[in-house]
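If you number the sequence shown the way this note's numbering does, the last residue is 260 and the count never jumps.
Below is one structure, written out as structure tokens, with a few remarks after it.
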Amino acid sequence: FLGVSIFGMTITIVMTGVGIIALAGVVVRNGILLVEFTDLLIEQGASLHDAVVEAGRTRMTPVILTATAAIFGLLPLAVGFNIDFVGLFTSFDPHIHFGGDNVAFWGPLSWTMIFGLAFATIITLILVPCMYLLRTRLKDRFAGRKHDEYAPVTKEEIALLNHKQLED
């Protein structure tokens with residue numbers, strides 16, 4: 093609602109609501125993929141900090157590309173870009189114009205998604221990793237563990253431990 097309010101656009105309850113629901117799907121999916129990738133890196137032995145940084149770095153490009161493609165795909169709908177394809181193919185006169193009746197209907201949905209994607213992309217790439225790190229550290233603190241207890245175990249240490257167990 094912030095982008096729509098700043099630019100003084102009208103809000104229609106139904107189409108703005110549909111835009112928010114569609115936006116929530118994209119944003120939640122990006123956040124889930126980021127958290128799952130962080131969990132995967134931790135399971136593979138990366139430290140918490142390294143896993144958060146690597147997941148953010150690895151997922152940054154797909155998140156930005158998804159948001160950018162969606163924003164640029166919604167811009168013609170938001171401004172009411174119209175082409176007369178029948179006129180284009182029959183008489184090579186496309187009669188291109190902006191606005192019209194469709195922008196009154198589809199405009200609120202598309203502008204809601206455009207502003208929301210621009211804002212949520214930044215939040216996803218900055219806030220989600222920070223909150224993941226904060227949640228894990230607070231959970232460790234309440235459990236009475238120091239963060240160093242989660243240092244990754246290297247393959248050499250595992251081999252050394254296995255070798256010691258075989259000797260005993």
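Even glycine gets a Cβ: it sits at the ideal position worked out from N, Cα and C.
- Rounded to whole angstroms, what's the CA-CA distance from His187 to Asn174? Just pull it up for me. 8 Å
- Message: Would you call the segment 212-231 in contact with the segment 103-122, where contact means no fewer than 3 C-beta pairs closer than 8 Å?
- Response: yes
- Task: Determine the DSSP secondary structure at Thr104, reduced to helix, strand or coil.
- Result: coil
- Helix, strand or coil for His189 per DSSP? strand
- Query: To which residues of the same chain is Leu209 closer than 6 Å at the C-beta, ignoring the five residues directly before and after it?
  - Reply: Ala159, Ala162 and Ile163
- Query: If Gly111 and Thr213 are in contact, beta carbons under 8 Å, what's the gap, nearest whole angstrom?
  - Reply: Not confirmed; about 16 Å, so no contact.
- Message: Restricting to runs no shorter than 3 residues, where is the beta strand (DSSP E) found entirely within the segment 124-174?
- Response: none
- Item | Within-8 Å CB hit, Leu219 to chain D | The structure shown contains no chain D; it holds only a single protein chain.
- Message: For Val144 and Leu225, which I take to be in contact (beta-carbon distance under 8 Å), what is that distance rounded to the nearest angstrom?
- Response: 5 Å
- By a C-beta neighbour count over all protein chains shown, 10 Å radius and 16 as the cutoff for buried, is Pro261 buried or exposed? This structure does not reach residue 261, given that the chain is present from 93 up to 260, and the question cannot be answered.
- Query: What's the gap between the Cα of Thr182 and the Cα of Asp176?
  - Reply: 10 Å
- Close Cβ partners of Ala235 (< 6 Å) along its chain, the five nearest in sequence each way excluded: none
- Message: Considering only their Cβ atoms, is the gap separating Asp185 from Gly179 smaller than 8 Å?
- Response: yes
- Query: When the Cα atoms are used, what is the spatial distance from Leu167 to Gly199?
  - Reply: 9 Å
- Query: Which same chain residues, not among the five before or five after Thr130, have their C-beta less than 7 Å away from its C-beta?
  - Reply: Ala143, Val144, Ala147 and Tyr224
- Item | C-beta atoms of Thr228 and Leu140 nearer than 8 Å | yes
- Query: Residues in its own chain within less than 6 Å of Thr102 by CB, not counting five upstream and five downstream?
  - Reply: none
- Beta-carbon separation of Val195 and Gly165 under 8 Å? no
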